[in-house]
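Colleague: Residue numbers (my numbering): 40 to 142.
Ideal placement from N, C-alpha and C gives every residue a C-beta, glycine not left out.
1. Can you look up residue 73 in the DSSP assignment and give me helix, strand or coil?
2. Report the rounded CA-to-CA distance for residue 113 versus residue 73, giving the unit in angstroms.
3. Is the beta carbon of residue 100 sitting closer than 8 angstroms to the one on residue 107?
4. Inspect the beta-carbon positions of residue 80 and residue 88 and report whether they are closer than 8 angstroms.
5. Hey, how far is the Cα of residue 96 from the Cα of residue 102?
6. For residue 49, which three-state DSSP category applies?
7. Per DSSP, what kind of secondary structure is residue 121 in: helix, strand or coil?
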């Protein structure tokens, strides 16, 4: 009855239906085991990253074949990101009424 079939329904089932119910139960148990293992792996990887060991795995590594078609984000060099932030800060400063250093 662990397969999720109530006793009254069980006695009305054919042999094929019983086999399908048992097979479905085993598939669910296998899926839960994989899910538990994956969560445990991610937790251990997170703890490892928190204490300075390596990097967190990408979702494509955790779930191979499932997220292969995700677009990869464009990676800008760090200097370019900093330059954009400084320029944006300067523009914001000018908009708020700030002048130049030459007065």
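Modeller: In terms of the structure at hand:
1. Within the chain shown, numbered from 1, the residue matching residue 73 stands at position 34. In the three-state reduction of the DSSP assignment, residue 73 falls in the helix class, which pools H, G and I.
2. Looking up residue 113 in the chain shown gives position 74. Looking up residue 73 in the chain shown gives position 34. About 32 angstroms.
3. The residue labelled residue 100 in the question sits at position 61 within the chain shown. The residue labelled residue 107 in the question sits at position 68 within the chain shown. No Cβ-Cβ contact shorter than 8 angstroms links residue 100 with residue 107.
4. For this step, residue 80 is matched to residue 41 along the chain shown. For this step, residue 88 is matched to residue 49 along the chain shown. In this structure, residue 80 sits away from residue 88, with a CB-CB distance that is not shorter than 8 angstroms.
5. Start at 1 with the first residue of the chain shown, and residue 96 comes out as number 57. Start at 1 with the first residue of the chain shown, and residue 102 comes out as number 63. If you take the alpha carbons of residue 96 and residue 102, they lie about 10 angstroms apart.
6. For the purposes of this step, residue 49 is taken as the residue at position 10 of the chain shown. Of the three classes helix, strand and coil, the one that applies to residue 49 here is helix, per DSSP.
7. As a first step, residue 121 must be located in the chain shown, where it is residue number 82. Of the three classes helix, strand and coil, the one that applies to residue 121 here is helix, per DSSP.
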